[in-house]
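*Asks:* Got a structure for you, questions after.
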Amino acid sequence: MTQRVHFDDLETRSDTARAEHLAQALPAQIEQAQGLSGYGDRLAGVDAGAVRDLADLAKLPVLRKSDLGRAQASDMPFGGMTTRKPSAFAYVFQSPGPIYEPGAMDHDWFRLGRFLHAAGITEGDIVQNCFGYHLTPAGAMFESGARAVGATVLPAGTGQTELQVTAAHDVGSTAYAGTPDYLKVILDKADEMGVTLGFTKAAVSGGALFPSLRSAYADRGISCLQCYATADLGNIAYESPAMEGLILDEHVIVEIVTPGTGDPVPEGEVGEVVVTTLNRDYPLIRFATGDLSAFMPGQSACGRTNKRIKGWMGRADQTTKVKGMFVRPEQVAAFVARHEEVAKARVVITRSGDQDAMTVLVETDASVADAYVTAVADILKLKAAVELVAPGSLPRDGLVIEDQRSYD
């Protein structure tokens, strides 16, 4: 059968059409969240109808994983943040923490179908799903996506590589879903066993897809694309055959903010990925992923018109222990906020002799470093050297705490 180019018409909307949809969907989602006990006072006093675009959204507080944990501790299992009772969901998952996430069997509830479609997986394919099915949601997420594109699923899970090879050969698996590196383990084992496998497509996530690995798969005739998804949010962004960054899913709103704050960074700068879902069952508003990325300019050559991000660029939680005390990105943000003439700051941690040393680089037009020493000690709870640097000189790489210590 001939596969349509795009999953649906949403992928090729104009910027105007996407903004008009957001202006309707976002107020409804805010209002939905306000009616949930788990949000408590977090959205109290917010006029949901006035939150119609990204600028309005940026005024709302950021929701963090730790907030979910606290809410769930007092109201198991979902912290009062879902619109269905736990028994009304098809799944209850447990991620490390533990944090509990809901899941449903409704059509493409996790929105992975859009990614699998972009990866060329369709009716007639047999997907060997090597994501875990035990407690965590990845296996069910990718199975749901496979169903959305009409593919058959072999629920292989992880491990037992020889059995994986045998099953892939016997049932004729044509597509792989799993972490980027495990497919190579299966292929190498197949070579060792003298078995020829029929994989031509791979949809991967949950780890780094290194160019050398993608190239190795291509040499075997396997097209490998990746997506960025989480247990809480489902699909956030995905690769298309153009392989130029990750295109945002059509049912999430993504912001890139300065770590430790909710303040959007200038276009193109690295910051923390913050996501608002349009999932009516589980409305997460400004949920901080803890991952770093950056928006890319322009649109994908594949014809999909939504924004793109560069992919995973590190962790935003740069909390570091210095002299027995934790220094957190939120503290650095508080220092910057206290001084309107300071554009940016970065804490650099080194070793001097056998002791930790801390220097705070302050990006400002000011000329007297001593003016900031007291504020640094007050906010960071540690004494540090202060060095003034010219505006625009600090890298826009998302780092606010740079640990240069070596223990070799």
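Numbering-wise, this note's numbering comes out as the position in the sequence shown, counting from 1, plus 1059.
Backbone N, C-alpha and C define an ideal beta-carbon position, used for all residues, glycine too.
1. Is SER1073 helix, strand or coil by DSSP?
2. How is LYS1124 classed by DSSP in three states: helix, strand or coil?
3. Do the CB positions of GLU1422 and GLY1457 come within less than 9 angstroms of each other?
4. Between which residues of its own chain and VAL1230 is the CB-CB distance below 7 angstroms, once the five residues before and five after are set aside?
5. Considering only residues of the same chain and omitting the five flanking positions on each side of ALA1393, which have a CB-CB separation below 7 angstroms?
6. Around the C-beta of LEU1194, are 16 or more other C-beta atoms found within 10 angstroms, so that it is buried, or is it exposed?
7. Taking C-alpha atoms, which residue in SER1264, VAL1313, THR1320 and THR1317 lies nearest to GLU1298?
8. Can you look up GLU1090 in the DSSP assignment and give me helix, strand or coil?
9. Could you tell me which residues DSSP pairs with ALA1197 in its beta bridges?
10. Kindly examine the ligand HEM and report whether one of its heavy atoms sits closer than 8 angstroms to the Cβ of LEU1337.
11. Just verifying my parser: in three-state terms, what is the DSSP assignment at PHE1385?
12. Beta-carbon within less than 6 angstroms of GLY1172's beta-carbon, same chain only, minus the 5 sequence neighbours each way: which residues are those?
13. Beta carbon of GLU1070, beta carbon of ARG1363: below 9 angstroms?
14. So ARG1273 is in the alpha helix (DSSP H); what residue range does that whole segment cover?
15. Give the DSSP-derived three-state secondary structure of THR1379 in the structure shown.
16. Is the separation between the beta-carbon of VAL1391 and that of VAL1407 shorter than 9 angstroms?
17. Does any C-beta atom of chain D lie closer than 9 angstroms to the C-beta of ASP1106?
18. Is it buried or exposed, LEU1246, if we count other Cβ atoms within 10 angstroms and call 16 or more buried?
19. Would you be able to state if there are at least three C-beta pairs under 8 angstroms between the segment 1409–1428 and the segment 1349–1367?
20. Let me know if HIS1176 comes out buried or exposed under the rule of 16 or more other beta-carbons within 10 Å of its beta-carbon.
21. DSSP state of MET1252, grouped into three classes?
22. Which of the three DSSP states, helix, strand or coil, is assigned to PRO1454?
23. How would you label MET1060, buried or exposed, when you count the other beta carbons within 10 angstroms and need 16 or more for buried?
24. Kindly indicate the opening and closing residues of the beta strand (DSSP E) around GLN1219.
25. Does the segment 1315–1328 touch the segment 1252–1268, meaning 3 or more C-beta pairs lie closer than 8 angstroms?
26. Under a three-way DSSP split, which group does SER1096 fall into?
27. Less than 9 angstroms between the C-beta atoms of GLN1187 and SER1146, yes or no?
28. Who pairs with THR1418 in a beta bridge, going by DSSP?
29. Keeping to the same chain, check which residues put their C-beta closer than 8 angstroms to that of ILE1281; ignore five residues upstream and five downstream.
30. Checking 9 angstroms against the spacing of the C-beta atoms, do GLU1160 and PRO1196 come in under that value?
31. Assuming GLY1097 and MET1140 are in contact, meaning their beta carbons sit under 8 angstroms apart, how far apart are those beta carbons, in whole angstroms?
*Replies:* Taking the coordinates as given:
1. Taking the sequence shown and counting its residues from 1, the one referred to as residue 1073 is at position 14. It is coil, neither helix nor strand.
2. Start at 1 with the first residue of the sequence shown, and residue 1124 comes out as number 65. Helix.
3. One-based indexing of the sequence shown puts residue 1422 at position 363. One-based indexing of the sequence shown puts residue 1457 at position 398. No, these two residues do not count as a Cβ contact at 9 angstroms.
4. Residue mapping note: residue 1230 aligns to position 171 of the sequence shown, counting from 1. So the list reads ILE1185 and LEU1213, once near-sequence residues are dropped.
5. Sequence index remark: in the sequence shown, residue 1393 carries index 334 (1-based). Contacts found: ILE1438.
6. By 1-based counting over the sequence shown, the position of residue 1194 is 135. With fewer than 16 Cβ atoms within 10 Å of its Cβ, LEU1194 is classed as exposed.
7. As a first step, residue 1298 is located in the sequence shown; it is residue number 239 there, counting from the start. For GLU1298, the nearest C-alpha among the options comes from SER1264.
8. Taking the sequence shown and counting its residues from 1, the one referred to as residue 1090 is at position 31. Helix.
9. Along the sequence shown, one-based indexing puts residue 1197 at 138. Answer by DSSP bridge pairing: none, since ALA1197 is not bridged.
10. With respect to the ligand HEM, the structure shown offers nothing to examine, as it has no ligands at all.
11. Counting from one through the sequence shown, the residue named residue 1385 turns up at place 326. DSSP places PHE1385 in strand when its eight states are reduced to three.
12. As a first step, residue 1172 must be located in the sequence shown, where it is residue number 113. These residues qualify, in order along the chain: GLY1204, ALA1207 and VAL1208.
13. Counted from its first residue, the sequence shown places residue 1070 at position 11. Counted from its first residue, the sequence shown places residue 1363 at position 304. Going by C-beta atoms, GLU1070 is nearer than 9 angstroms to ARG1363.
14. For the purposes of this step, residue 1273 is identified with residue 214 of the sequence shown, where counting begins at 1. That run of the alpha helix (DSSP H) goes 1270–1278.
15. Counting from one through the sequence shown, the residue named residue 1379 turns up at place 320. Strand, per DSSP.
16. Along the sequence shown, one-based indexing puts residue 1391 at 332. Along the sequence shown, one-based indexing puts residue 1407 at 348. No. Outside cutoff.
17. You won't find chain D in this structure, because it holds only one protein chain.
18. Taking the first residue of the sequence shown as 1, we reach residue 1246 at position 187. Buried is the call here.
19. no
20. Numbered from 1 along the sequence shown, position 117 holds the residue referred to as residue 1176. With 16 or more Cβ atoms within 10 Å of its Cβ, HIS1176 is classed as buried.
21. Along the sequence shown, one-based indexing puts residue 1252 at 193. Helix at MET1252.
22. In the sequence shown, counting from the first residue as 1, residue 1454 sits at position 395. The answer is coil: DSSP assigns PRO1454 none of H, G, I, E or B.
23. As a first step, residue 1060 must be located in the sequence shown, where it is residue number 1. At MET1060, the pLDDT of 48 sits below 50, so the modelled position is not reliable; the number obtained from the coordinates is stated separately. Exposed, by the Cβ-count rule.
24. Reading the sequence shown from its first residue, position 160 is the one you call residue 1219. Run containing GLN1219: none; DSSP gives neither H nor E here.
25. no
26. Translated into the one-based positions of the sequence shown, residue 1096 becomes position 37. Here SER1096 sits in helix by DSSP.
27. For this step, residue 1187 is matched to residue 128 along the sequence shown. For this step, residue 1146 is matched to residue 87 along the sequence shown. No.
28. Reading the sequence shown from its first residue, position 359 is the one you call residue 1418. Bridge partners of THR1418: VAL1407 and ALA1444.
29. Reading the sequence shown from its first residue, position 222 is the one you call residue 1281. TYR1235, LEU1242, PHE1258, THR1259, LYS1260 and ALA1261.
30. In the sequence shown, the residue the question calls residue 1160 occupies position 101. In the sequence shown, the residue the question calls residue 1196 occupies position 137. Contact flag set, yes.
31. Translated into positions along the sequence shown, residue 1097 becomes position 38. Translated into positions along the sequence shown, residue 1140 becomes position 81. At roughly 4 angstroms, the Cβ-Cβ gap stays under 8 angstroms, so GLY1097 and MET1140 are in contact.
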